[in-house]
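Each remark here refers to the structure printed beneath this line.
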Amino acid sequence: MNKSLLPVGQISPGHDLNGYIQAVNGIPMLTADEERELAFRLHDDGDLEAARRLVLSHLRFVVHVARSYSGYGLPQADLIQEGNVGLMKAVKRFDPNHGVRLVSFAVHWIKAEIHEFVLRNWRIVKVATTKSQRKLFFNLRGAKKRLAWLNNDEVDAIAKDLDVKPEVVREMEGRLSAHDAGFDAPANDDDESGYQSPVHYLDDDASDPATQLEDSNWEDDSTRRLQLALEELDERSRDILQRRWLSDKKATLHDLADVYGVSAERIRQLEKNAMKKIRLQIGDALVA
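Structure follows, in structure tokens:
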């Protein structure tokens, strides 16, 4: 069977990558006139057969582009699949009236899809979100001449070449040099190395359900004991404490002195005695 007539869905890099590459390399290339004729059939008449032939004839180019992203440690088959998605989007949007070859137009769509895939899957934590960070992510590796950290002159040169700020270059260099770490220790780790895992030094005691329940019970109990202690006070002492400490708008000693027709010093003494009784009442409740 002529491989060039196979439906796109029957040629997939997922199961047999070498077989896929051999198959797409066997698909004949289109001449400029053939490509132009097929593009007009698709553009003017919506001819899906023309679209299929345009896609098939450029699958080998997607493989070529995907190979340039092999340094990110992602499966080659997945990179090719994403590039194929970009190719199909390019074919759908290709306008032969502009007078350019499809490959020149499609390369941007192919790389865009591969870029998105790499950024989504290279690290658990996203390393590039802004436009300048994305530009640096795919250019910084090639711009570095050595494995050591960039010096100031190299940072300035890269920043000028890529039209970004030097501090953005430094930040991205640090992100690229970092690595993902599992929160939990691997099952086969020994006791000594296992304690280096973040689970052992990033634990949050406050999230322990037992601790949360204990804190909640303590708060409820403290509120209950305070209310009982307040009820043991005389009405004036209770009113002074509530206005001084339990109201949203706290009264001053002089405010309460005016209310009760006594000196501010007398209010302070009443407050002090009331606080002393509260402490004794709460203490007795704890002992009980």
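Residue numbering for the sequence shown follows our numbering, beginning at 43 and increasing consecutively. Glycine included, C-beta positions come from ideal geometry on N, C-alpha and C.
Nearest-angstrom Cβ-Cβ length linking residue i and residue j, presumed shorter than 8 Å
i, j, result
"Leu101", "Asn126", "7 Å"
"Ile306", "Ala299", "It should be noted that the sequence gives Ala, not Ile, for residue 306. Right, their Cβ atoms sit about 4 Å apart."
"Ala108", "Leu98", "With a Cβ gap of about 16 Å, Ala108 and Leu98 do not count as contacting."
"Val105", "Ile63", "6 Å"
"Tyr111", "Val66", "So it is not a contact: roughly 17 Å between Cβ atoms."
"Leu268", "Arg280", "That belief does not hold up - the Cβ atoms of Leu268 and Arg280 are roughly 12 Å apart, past 8 Å."
"Leu275", "Lys319", "6 Å"
"Arg310", "Leu288", "Not really, about 17 Å apart at Cβ, beyond 8 Å."
"Val206", "Leu178", "6 Å"
"Met116", "Trp151", "The sequence shown places Leu at residue 116, not Met. Not really, about 19 Å apart at Cβ, beyond 8 Å."
"Tyr302", "Arg278", "7 Å"
Boundaries of the alpha helix (DSSP H) in which residue i is found, first to last residue
i, result
"Ser305", "Note, Ser305: premise wrong, no alpha helix (DSSP H); not H, not E."
"Gln118", "Gln118 to Arg135"
"Tyr62", "Leu59 to Asn67"
"Arg109", "Leu101 to Arg109"
"Val160", "Leu144 to Asn163"
"Leu80", "Ala74 to Asp87"
"Arg280", "Glu277 to Leu283"
"Ala201", "Asn194 to Leu204"
Residue i vs residue j beta-carbon contact at 7 Å
i, j, result
"Ala148", "Ala132", "yes"
"Ile282", "Leu322", "no"
"Arg83", "Asp75", "no"
"Ala81", "Phe136", "yes"
"Glu209", "Leu144", "no"
"His332", "Pro138", "The requested residue 332 does not occur in the structure, where the chain is confined to residues 43 to 330."
"Ile156", "Glu196", "no"
"Ala201", "Val211", "yes"
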